[in-house]
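Student:
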C-alpha cells in the first residue's frame, strides 16, 4: 500500500518514500510543500465558511459511523475497520483490544461533537461559528477566528489523541496534519470519513513528513498543537501559537479520610496505571498516600503483575509491545539505573515471573512496574514512561499539593471540603477528578488539555447598535 | 562541457595527475612548507610511494583541524611565493574557521562549469544575483567570475550563516526567521529593480524567494543552487513549483576545499541527483564509514571522501561530513559519482542542517 500526501484535499505523490514494512510505503512531504499550500489556505477556510456549523456538526456525527464501520480510502487502496485495526496494531504493536478502544474514543468524540464543542464554548450555540456573534445570558458576545489554519503534529503511540483536533473542522478552521511515523492510518481514516460525510476536502492537509516538516507545520500555521516530552515543551515554549501536550505526570492523591478504605479502590488504581497499555498522559504515574504505603504497594503490585504479555490479537491483551526495541532497552536501563540510588524499590519485581523486559510473541514488552519511593524527590517518584509504570510515595496530606508539580490529571480520593477547595484552586492541575475515579476517565463535555475553542478563537468587545447585525 | 574521455582514459588521467601533483607538492622547489614538513615527520617520501591514485591510500585521512590551526601561509607552494593570494573560509563554522588559500582554482572550476552548461542554459550576457554567504568565501568570487565570463554582472545579497547558526543555537527561531525575511526582502528588491536573469542561491532561500514572487514572471531564466541537501522530492518540488517548470535548474555539490561537482543530466521525471567531481583536480570516493580505505558497492550509501590535487592546493583523503550513494559513471562524466548526498549519519542521528 502506498499512502500519499493530501495537499488541501488533493492527492500528491512525493519522490521521497519511506518503507514502513514490506507492504506499506508512505510519501514524505518536504517542508516547502506545506509552506506553499498555506498560501492557498484562504480557499480552504472559505469552503468551510460556506457551510453552516450545524451542518458541519451533522457531517461530523455521520463521519463517526463511517470511521467506525466503513471501507474508506487509504492511500492507493481501501481499508475496512478490521484492516485498520490489524494494520495499526502491526505498526505500533498496540494490541487489537487497545486499537478498538481508541477507535471507540474517537467515535465518541465525533458522534458527541455537539457535546464536546458545547463543553469548550460553555454552551454557546454553533451559530457563533457562522455569525461570530451570539447571546449568552442576555449578553451579546462576539468571537472571531484567531487563525485560518491549525497544524497538528501527531504521535504514533496514542490514536485517540486525534479526537483533540477534529472539533476544529466544525469550528471552521482547516487542519493540516503530520501523522506520527508509525500511525499514518488514524488521522487519514478520520479525514476520509469526514470528507465522505460532506466536509470539503480542501479543509484537510495530510503530510507525512520529517521533523523539519513538523516544525514547519507548527510554526507556519496560525495555530499549532504538538505532543511530546518535556523536550518538546521546551522547544516550542517561545511560540505562543503552539500548544504542546507534554508529559502528563498524572497522579492519584488519596486523602486521610479515604486511606483506610484503600482496598475498595485497588481496581481503580490498577485501571489508572494500566489502561491503554499505560501509554497515555492520563495514566497514573504516581500515587501519593498519607499512610499504608507498603500494604497498598504490595496489593497493587500483585494485581499489576497479573497483567502479562499476550499476543496482539488476544482479546485480553493490555500490554503493548515496543516497535522500537531500543526504546524498551533504554527505559528498562534507565529504571534499573535509578533503582541503584537509595530509597526506591521495585515492588512488582517480587510478584512477576521474570524480568521487567520480556520477549514474547515476537515482540519486546515492558511488564507493569510499581516503584515504592521513600523520598518524593527520588528520580523515579515523579516521572512517566510508555508502559504501565507508577510510583507510590507516602507523605502527609497537607504536603501533597506542594509536591505534585505540573500535573495533567489528578484524581483526589477525598470528601474533605477544605482540601477539595485547595485542589480546585491549584494552578498545577489541568484536570481534576473529585472522588475515587481513575485518572483516565473522560467526560466529553470537559476540555482535555487546554481549550481548543479558546485556542482558535478570540473574544472581541462589541457594542453599539447591534440590531443592524441581524 | 562533458568529458570526452573513456573510463580507462579518465583513470589514466587521474593517475597522471596524481604523479604530477605529488611531485609538485613534495618537491622543495615547488612544494609548500606544510607538506614538506609533514613529509619529513612522516618518515616516507610520497614521491616514491605514490605512483597512481590507488597509492593515495598511503596517506591517512586528512585532519581538517589543520586548516584551523595552521597559518594559511604555510600552504603557499614555493612556486607561488610572492604572488598575492585569496584566503577563503568554510561556510557555517563558528569559532576559528577552516581556511584555505587560492589563486586561480576557482576560476578554473567555474569556467569549466560555465562551459558545461553552454550559452542558453544561463543566458549569455545576463546579469546574476547571488543570495547567500558572501564574506570570506570562495563562492562569492566564483559566482562573480561565472557571471563575468558569461558577459554579465553579479549583484550580491549577503547571508551570514554563522549568525543564523548562533540564533538557532540560542533557540531564537523567530529571530532566525526574521533575518531570513530581511535577506529575502533585499533580494526581491534587486530582482524588481534590476535586469536579473540568473540566480545563485541555496534551495531554501530560493523557495522563500518564490513565496514572494513568480520567479518565471520576474524574468529569471536559470538557477544554480547548492549548499544543502536536496532529496529527490526537494528537486521535484523546486522544478515543478518553485521554478514552475519554466526555469533551467542546475543543482550542484561543492565546498571550499573541492570546488564544485556538477550534477548529471536527468530524464524527465527523474529527481535523484548524482554529482561528479571536477576530475582530475578533485576526486570523490564513497567509502565504508568503518574502513575508509574501502569504497562501498555501487548503489550503497557510504561516507564521502575528497582528495583535492591542484598546483595551488593539496588535500588527500579528507572525509566530508556527508554521506552519499556510490553511483557509476555516466555519458557526461566517465568516473564515479555521488548520489543523493545528505549529512553523514543523518539516518541515525539528528543533524542541524540547512540553516540557510
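Residue numbers (our numbering), protein chains in the order written: chain B, 26 to 495; chain F, 18 to 373.
All C-beta atoms, glycine included, are put in the ideal place defined by N, C-alpha and C.
In or out: residue 211 of chain F buried (at least 16 other Cβ within 10 Å) or exposed?
Tutor: Mapped onto the second chain, residue 211 of chain F falls at position 194. So residue 211 of chain F ends up on the exposed side.
Student: Give a yes or no on whether the minimum CB-CB distance between residue 101 of chain B and chain F is below 7 Å.
Tutor: Start at 1 with the first residue of the first chain, and residue 101 of chain B comes out as number 76. Chain F, which has no Cβ nearer than 7 Å to the Cβ of residue 101 of chain B, makes this no.
Student: Note down, in chain order, each residue of its chain lying with its Cβ closer than 7 Å to the Cβ of residue 268 of chain F, except the 5 sequence neighbours on either side.
Tutor: To locate residue 268 of chain F, count along the second chain from 1; it is residue 251. The beta carbon of residue 268 of chain F lies closer than 7 Å to those of 242, 243, 247, 252, 280, 290 in the same chain, with the five residues before and after it left out.
Student: If you drop the 5 nearest sequence neighbours on each side, which residues of the same chain put their C-beta closer than 8 Å to that of residue 214 of chain B?
Tutor: Counting from one through the first chain, the residue named residue 214 of chain B turns up at place 189. The beta carbon of residue 214 of chain B sits closer than 8 Å to the beta carbons of 92, 97, 99, 104, 109 from its chain, once the five residues preceding and following it are set aside; these are given in chain order.
Student: Is it true that the CB of residue 193 of chain B sits closer than 7 Å to the CB of residue 164 of chain B?
Tutor: The residue labelled residue 164 of chain B in the question sits at position 139 within the first chain. The residue labelled residue 193 of chain B in the question sits at position 168 within the first chain. For residue 164 of chain B and residue 193 of chain B, no; Cβs fall outside 7 Å.
Student: Whole-angstrom Cβ separation of residue 417 of chain B and residue 395 of chain B, contact assumed at under 8 Å?
Tutor: The residue you call residue 417 of chain B lines up with position 392 of the first chain. The residue you call residue 395 of chain B lines up with position 370 of the first chain. About 6 Å separates the two Cβ atoms, so the contact holds.
Student: State yes or no: is the C-beta of residue 113 of chain F within less than 7 Å of the C-beta of residue 157 of chain F?
Tutor: As a working mapping, residue 113 of chain F is identified with position 96 in the second chain. As a working mapping, residue 157 of chain F is identified with position 140 in the second chain. One thing to note: residue 113 of chain F has its Cβ no nearer than 7 Å to the Cβ of residue 157 of chain F.
Student: Whole angstroms is fine: what's the gap from residue 328 of chain B's alpha carbon to residue 443 of chain B's?
Tutor: To locate residue 328 of chain B, count along the first chain from 1; it is residue 303. To locate residue 443 of chain B, count along the first chain from 1; it is residue 418. About 33 Å.
Student: Relative to the C-alpha of residue 349 of chain B, which candidate in B/357, B/389, B/359 has its C-alpha closest?
Tutor: As a working note, residue 349 of chain B is residue 324 in the first chain. For the residues B/357, B/389, B/359, the minimum Cα distance to residue 349 of chain B belongs to B/389.
Student: Rounded to the nearest angstrom, what separates residue 151 of chain F and residue 132 of chain B at their Cα positions?
Tutor: Here the question's residue 151 of chain F lines up with position 134 in the second chain. Here the question's residue 132 of chain B lines up with position 107 in the first chain. If you take the alpha carbons of residue 151 of chain F and residue 132 of chain B, they lie about 56 Å apart.
Student: What does the alpha-carbon distance come out to for the pair residue 458 of chain B and residue 294 of chain B?
Tutor: Working through the first chain from its first residue, we reach residue 458 of chain B at position 433. Working through the first chain from its first residue, we reach residue 294 of chain B at position 269. Distance between the alpha carbons of residue 458 of chain B and residue 294 of chain B: 14 Å.
Student: Using DSSP bridges, identify the partner residues of residue 120 of chain F.
Tutor: Looking up residue 120 of chain F in the second chain gives position 103. DSSP lists no partner for residue 120 of chain F.
Student: Taking 7 Å as the threshold (C-beta atoms), are residue 272 of chain B and residue 409 of chain B in contact?
Tutor: Within the first chain, numbered from 1, the residue matching residue 409 of chain B stands at position 384. Within the first chain, numbered from 1, the residue matching residue 272 of chain B stands at position 247. Yes; because the gap between Cβ atoms is below 7 Å, this pair is in contact.
Student: Using a Cβ-Cβ cut-off of 7 Å, state whether residue 522 of chain B counts as contacting chain F.
Tutor: Only positions 26 to 495 of chain B appear in this structure, which leaves residue 522 of chain B out of reach.
Student: Which term fits residue 187 of chain F, buried or exposed, when burial requires 16 or more other beta carbons within 10 angstroms of its beta carbon?
Tutor: Working through the second chain from its first residue, we reach residue 187 of chain F at position 170. Residue 187 of chain F is exposed by the Cβ-count criterion.
Student: Any beta-carbon of chain F closer than 7 Å to the one on residue 55 of chain B?
Tutor: By one-based count along the first chain, residue 55 of chain B stands at place 30. Residue 55 of chain B counts as touching chain F.
Student: Between residue 162 of chain F and the rest of its own chain, which residues show a CB-CB distance below 7 Å, the 5 nearest in sequence each way excluded?
Tutor: Locating residue 162 of chain F in the second chain gives position 145, where the first residue counts as 1. So the list reads 123, 124, 127, once near-sequence residues are dropped.
Student: Under 7 Å between C-beta atoms, does residue 360 of chain F make it to chain B?
Tutor: Your numbering for residue 360 of chain F matches position 343 in the second chain. No, no contact with chain B.
Student: Which residue from B/307, B/347, B/288 puts its Cα closest to that of residue 324 of chain B?
Tutor: Taking the first residue of the first chain as 1, we reach residue 324 of chain B at position 299. Among B/307, B/347, B/288, the Cα nearest to that of residue 324 of chain B is on B/288.
Student: Just verifying my parser: in three-state terms, what is the DSSP assignment at residue 135 of chain B?
Tutor: Here residue 135 of chain B corresponds to residue number 110 of the first chain, with the count starting at 1. In this structure, residue 135 of chain B counts as helix in the three-state DSSP scheme.
Student: Decide yes or no for the touch test of the region 337-357 of chain F against the region 285-305 of chain F: beta carbon pairs closer than 8 Å, at least 3 of them.
Tutor: yes
Student: List in chain order: all unbroken beta strand (DSSP E) runs of 3+ residues lying wholly within the region 103-178 of chain F.
Tutor: 103-106, 116-119, 144-149, 171-175
Student: Check the Cβ of residue 206 of chain B against every Cβ in chain F and list those closer than 9 Å, keeping chain order.
Tutor: Taking the first chain and counting its residues from 1, the one referred to as residue 206 of chain B is at position 181. Listed along the chain, the chain F residues whose CB falls inside 9 Å of the CB of residue 206 of chain B amount to none; the nearest CB is some 13 Å away.
Student: Count the other CB atoms, across all protein chains shown, that sit within 10 Å of the CB of residue 294 of chain F; report buried if there are 16 or more and exposed otherwise.
Tutor: Within the second chain, residue 294 of chain F is the residue found at index 277, counting from 1. The residue is buried, with at least 16 neighbouring Cβ atoms inside 10 Å.
Student: Of all Cβ atoms in chain B, is any one closer than 7 Å to the Cβ of residue 87 of chain F?
Tutor: The count along the second chain starts at 1 and reaches residue 87 of chain F at position 70. Chain B contact via Cβ: absent.
Student: Please list the segments of the alpha helix (DSSP H) lying wholly inside the region 309-346 of chain B, counting only runs of 4 or more residues, in order along the chain.
Tutor: 318-330
Student: Leaving out the 5 sequence neighbours to the left and right, which residues in its chain are closer than 8 Å to residue 366 of chain F when beta-carbon positions are compared?
Tutor: Indexing the second chain from 1 puts residue 366 of chain F at position 349. The pLDDT assigned to residue 366 of chain F is 42, lower than 50, so where the model puts this residue is not dependable, and the model offers no usable value.
Student: Which class does residue 59 of chain B belong to by DSSP, given the choice of helix, strand or coil?
Tutor: As a first step, residue 59 of chain B must be located in the first chain, where it is residue number 34. Helix, per DSSP.
Student: Do residue 64 of chain F and residue 40 of chain F come within 7 Å of each other at the CB atom, strictly closer than that value?
Tutor: Counting from one through the second chain, the residue named residue 40 of chain F turns up at place 23. Counting from one through the second chain, the residue named residue 64 of chain F turns up at place 47. For residue 40 of chain F and residue 64 of chain F, yes; Cβs fall inside 7 Å.
Student: Over the uninterrupted alpha helix (DSSP H) stretch that includes residue 225 of chain F, give me the two end residues.
Tutor: Against the second chain, residue 225 of chain F aligns to sequence position 208. Note, residue 225 of chain F: alpha helix (DSSP H), 220-229.
Student: List the residues of chain F that residue 60 of chain B touches, going by C-beta distances under 8 Å, in chain order.
Tutor: To locate residue 60 of chain B, count along the first chain from 1; it is residue 35. The answer, in chain order, is 224, 228.
Student: Rounded C-beta distance between residue 265 of chain B and residue 311 of chain B? I'm assuming under 8 Å.
Tutor: Taking the first residue of the first chain as position 1, residue 265 of chain B is located at position 240. Taking the first residue of the first chain as position 1, residue 311 of chain B is located at position 286. The Cβ separation is near 30 Å, so there is no contact.
Student: Tell me the residue span of the alpha helix (DSSP H) that contains residue 381 of chain B.
Tutor: Here residue 381 of chain B is taken as the residue at index 356 of the first chain, counted from 1. No alpha helix (DSSP H) holds residue 381 of chain B; DSSP gives it neither H nor E.
Student: Could you tell me the distance, in whole angstroms, from the CA atom of residue 147 of chain F to the CA atom of residue 326 of chain F?
Tutor: Sequence index remark: in the second chain, residue 147 of chain F carries index 130 (1-based). Sequence index remark: in the second chain, residue 326 of chain F carries index 309 (1-based). Answer to the nearest angstrom: the Cα atoms are 28 Å apart.
Student: Name the chain F residues that come within less than 9 Å of residue 64 of chain B, Cβ to Cβ?
Tutor: Taking the first chain and counting its residues from 1, the one referred to as residue 64 of chain B is at position 39. Result: 228.
Student: Going straight from the alpha carbon of residue 330 of chain B to that of residue 376 of chain B, what length do you get?
Tutor: The residue given as residue 330 of chain B occupies position 305 in the first chain. The residue given as residue 376 of chain B occupies position 351 in the first chain. Rounded to whole angstroms, residue 330 of chain B to residue 376 of chain B spans 6 Å at the Cα level.
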